[in-house]
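Q:
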Amino acid sequence: MLKKLMYISQGESQEAQLFNISKALDYGCNWIQIRYKNRTESEVLQLTEQTKKVISSFVDVTLIINDHPRVALLTDADGVHLGLTDSPVREARTLLGAHKIIGGTANTIDDLLQRTAEGCDYIGLGPYRYTTTKAKLSPILGLTGYQSLFCQLKELNVAYPPVYAIGGILPEDIEDLMKTGLYGIAFSGLLSQHPNPTKLMDTLRKKTHETLEYSR
């Protein structure tokens, strides 16, 4: 079963990335997505190898790699997340095998249907609101956007994979968002900017009904 809370890494250097990932783990995040944009495969590979060393001190942590299926293969990460302009899901599945997690980005009903047809294990749907952690944002969805998209899926009678909200989400947004049909929440700056990250993680788990199976 997929976890309901995903931390997406941030930082302009490997040192900053590792610092933020380590802190996220300490605060209780047990699903990490390495997002190290505009870097070579070699740089992402190096960061992933260092991250795996950090993760080895924890139990039941899921690690996926943004954009780089080969890095996921070489490091035996748990999977990969692909944007709409990244490698095709079919190619990633052939490379990684059926047992690995493949997630895909979506913004519209057509994207959701595409990702479902491609066999994604989960979909990251957003952005919810404006966020500074991602350049070239797709159109902002807001709560009404999520409600509309899930209504359309229901009308089409489509069986879709777990869907995660992403993009500038605050704790007070989550209860209403979860009522739309979402499975979970992905976040980044929310954790690093919060004055009490441990308390924040407890709040996020309660609001998403996440069961913590995590230890160090």
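Mapping of the sequence shown onto the numbering used here: residues 1139 to 1354, in sequence order. Positions of the beta carbon are idealized from the N, C-alpha and C atoms, including for glycine. Fair warning: this is a prediction, and the values are worked out from it, not measured in the lab.
Using DSSP with H/G/I as helix, E/B as strand and the rest coil, what is asparagine 1158?
A: Reading the sequence shown from its first residue, position 20 is the one you call residue 1158. Helix, per DSSP.
Q: Would you kindly check if the distance between the Cβ of histidine 1219 and the Cβ of glycine 1241 is under 8 Å?
A: Indexing the sequence shown from 1 puts residue 1241 at position 103. Indexing the sequence shown from 1 puts residue 1219 at position 81. Yes; because the gap between Cβ atoms is below 8 Å, this pair is in contact.
Q: Would DSSP call leucine 1201 helix, strand or coil?
A: On the sequence shown, position 63 is the one that residue 1201 refers to. Strand at leucine 1201.
Q: Exposed or buried, which one is alanine 1244 when buried takes at least 16 other CB atoms within 10 Å?
A: Translated into the one-based positions of the sequence shown, residue 1244 becomes position 106. Alanine 1244 should be labelled buried.
Q: Quick test of your reading: leucine 1183 and glutamate 1348, contact by CB under 8 Å. State the CB separation rounded to the nearest angstrom.
A: Counted from its first residue, the sequence shown places residue 1183 at position 45. Counted from its first residue, the sequence shown places residue 1348 at position 210. The Cβ separation is near 30 Å, so there is no contact.
Q: What three-state label does DSSP hand asparagine 1334 in the structure shown?
A: By one-based count along the sequence shown, residue 1334 stands at place 196. Of the three classes helix, strand and coil, the one that applies to asparagine 1334 here is coil, per DSSP.
Q: Distance, Cα to Cα, isoleucine 1304 vs arginine 1253?
A: Here residue 1304 corresponds to residue number 166 of the sequence shown, with the count starting at 1. Here residue 1253 corresponds to residue number 115 of the sequence shown, with the count starting at 1. Between isoleucine 1304 and arginine 1253, the C-alpha separation is close to 16 Å.
Q: Can you look up methionine 1316 in the DSSP assignment and give me helix, strand or coil?
A: Walking along the sequence shown from the start, residue 1316 turns up at place 178. Correct three-state label for methionine 1316: helix.
Q: Does alanine 1303 come out as helix, strand or coil in the three-state DSSP assignment?
A: Stepping through the sequence shown from its first residue, residue 1303 is reached at position 165. Looking at alanine 1303 - three-state DSSP - the assignment turns out to be strand.
Q: Could you give the first and the last residue of the continuous beta strand (DSSP E) run that contains histidine 1261?
A: Stepping through the sequence shown from its first residue, residue 1261 is reached at position 123. In the sequence as presented, histidine is not what sits at residue 1261; that position holds isoleucine. 1260-1263 is the span of the beta strand (DSSP E), which, as asked, contains isoleucine 1261.
Q: Considering only residues of the segment 1157-1239, which uninterrupted beta strand (DSSP E) runs meet the minimum length of 3 residues and lie entirely inside it, listed in chain order?
A: 1169-1172, 1200-1204, 1217-1220
Q: Quickly, what does DSSP pair phenylalanine 1325 with across the bridge? List them, please.
A: Translated into the one-based positions of the sequence shown, residue 1325 becomes position 187. Tyr1145.
Q: Starting from leucine 1291, trace the alpha helix (DSSP H) in both directions and tell me its first and last residue.
A: By one-based count along the sequence shown, residue 1291 stands at place 153. Counting along the chain, the alpha helix (DSSP H) containing leucine 1291 begins and ends at 1280-1294.
Q: By the three-class DSSP mapping on this structure, what secondary structure does threonine 1243 have?
A: The count along the sequence shown starts at 1 and reaches residue 1243 at position 105. Strand, per DSSP.
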